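The structure appears below as structure tokens.
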Amino acid sequence: MAKSKQQRLVEDRLWELIEPLIPPRPAARGPGGRPRIDDRAALEGILFVLDTGCRWRDLPEELGCGSGHTAWRRLREWQDAGVWDKLHQLVLDELSDAQLLDWSRGCIDGVSVRSKKGGELTGPNPTDRGKAGSKYHILCDANGLPLHALLSAANTHDSKLFEPLLETNPAVRGRRGRPGRPRRRPEKLHADKGYDYRRCRTYLHRRGIKVRIARRGIEDKSKLGRIRWVIERTISWLLRFKRLGLRYDRTERTTLPLLTLACTVINVRRLIKTGF
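Start counting at 1 in the sequence shown, then tack on 1, and there's your number in our numbering.
What follows is the structure, encoded as structure tokens:
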């Protein structure tokens, strides 16, 4: 029962996209030893931990995914090989081919989560009585599909990651068969008062992006525009992955790929829902 439930986490469409990106299996060092766990089974284990929030060492053996250490090690191996970023880029290109990305507007925001064990990119959370935490910085399109995500300490101001988030956003190709440069930025950007700084507005003007940033002391949050709510929905989608709602992993090398994978899973589900 548990195995069949877990297999549904690795949709055929997701496996079809990621399989060509996975590095070749390393050569055996010699006779003996345990056989290497299948890559799809390891991915099932990673997704199970991401979805349920269980500890790596508590990954149920009956799932057939190997040990939690195997799933954790495979996550980091594929992070070092650039698999997660390549997969995210590929899925965005597929969304573009299916005309499911809306570049007319974009939304940006950050959300803080508590860190259970501290570690890299953690800091005192000013919204949680100074307890250790991290912050996810999210950029989405007008439909709420996550385009990019970065990780920082919880005491990092949202505006500090404003330019890095937009500058490192993956360049998404246009619809297949049509000429044009890959696209990286929306036509207009919606943001709350946390981004109401001259440098943020100057950056958008320099990049030719229309500005919709709420002004401190002038506008209340009810006037952030009809599009603004989609980023809140995107954040709620991400936090449904319980491993992200409370940070357990100490290193950026483990936490960031889980955040990227969650964005990818959301986007793949949209592809599947629309039949692409």
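All C-beta atoms in this analysis are idealised placements derived from N, C-alpha and C, irrespective of residue type, glycine included. A quick note: this is a predicted structure, and the numbers were derived from the prediction, not measured.
CA-to-CA distance, residue j to residue i, given in whole angstroms
i: T128; j: H158; result: 12 Å
i: G161; j: T169; result: The residue asked about is misnamed: residue 161 is Lys in this sequence, not Gly. Their Cα atoms are separated by approximately 14 Å.
i: E188; j: P171; result: 16 Å
i: Q7; j: G46; result: Reliability of the predicted coordinates at Q7 is poor, the pLDDT of 42 falling under 50, and no value is obtained from them.
i: I61; j: T256; result: In the sequence as displayed, the identity of residue 61 is Pro instead of Ile. If you take the alpha carbons of P61 and T256, they lie about 21 Å apart.
i: L205; j: D86; result: 25 Å
i: R248; j: L151; result: 14 Å
i: T261; j: L148; result: 10 Å
i: G209; j: T203; result: 10 Å
i: A42; j: W16; result: 11 Å
i: L146; j: R74; result: 29 Å
i: G65; j: F277; result: 29 Å
i: W57; j: G69; result: 4 Å
Own chain, CB closer than 7 Å to residue i, minus 5 neighbours either side, in chain order
i: R26; result: R37
i: W238; result: I267
i: E12; result: V269 and I273
i: D94; result: V173 and R174
i: L22; result: V84, K87 and L88
Whole-Å CB distance - residue i paired with residue j, under 8 Å assumed
i: L96; j: L88; result: At roughly 13 Å, the Cβ-Cβ gap does not stay under 8 Å, so L96 and L88 are not in contact.
i: R77; j: R254; result: 6 Å
i: Q243; j: G54; result: The sequence shown places Lys at residue 243, not Gln. That belief holds up - the Cβ atoms of K243 and G54 are roughly 3 Å apart, short of 8 Å.
i: I139; j: T235; result: 6 Å
Close-in-space but distant-in-sequence residues of the same chain around residue i (CB under 6 Å, 5 per side omitted)
i: K194; result: A215 and R217
i: A192; result: I109 and I214
i: P125; result: G131 and N156
Contacting residues, own chain, Cβ-Cβ under 8 Å from residue i (five flanking each side not counted)
i: T123; result: S116, A133, G134, S135, A154, A155 and R248
Which residues DSSP lists as bridging residue i, in chain order
i: A150; result: I139
i: L1; result: The structure shown has nothing for residue 1, since the chain only spans 2 to 277.
Practice prompt. Please list the segments of the beta strand (DSSP E) lying wholly inside the stretch 203-261, counting only runs of 3 or more residues, in order along the chain.
Written response: At a cut-off of 3 residues, the continuous stretches assigned as beta strand (DSSP E) that sit fully inside the stretch 203-261 are 211-214.
Item to complete: Entirely within the stretch 160-184 and at least 4 residues each: give me those alpha helix (DSSP H) ranges in chain order.
Response: 163-168
Practice prompt. Taking only runs that begin and end inside the stretch 38-68, name each unbroken alpha helix (DSSP H) of 4 or more residues, in chain order.
Written response: 40-53
Worksheet item: Quick one: complete beta strand (DSSP E) runs, 3+ long, within the stretch 88-143?
Response: Under the rule that a run must span 3 or more residues, the beta strand (DSSP E) segments found entirely inside the stretch 88-143 read 107-115 and 133-142.
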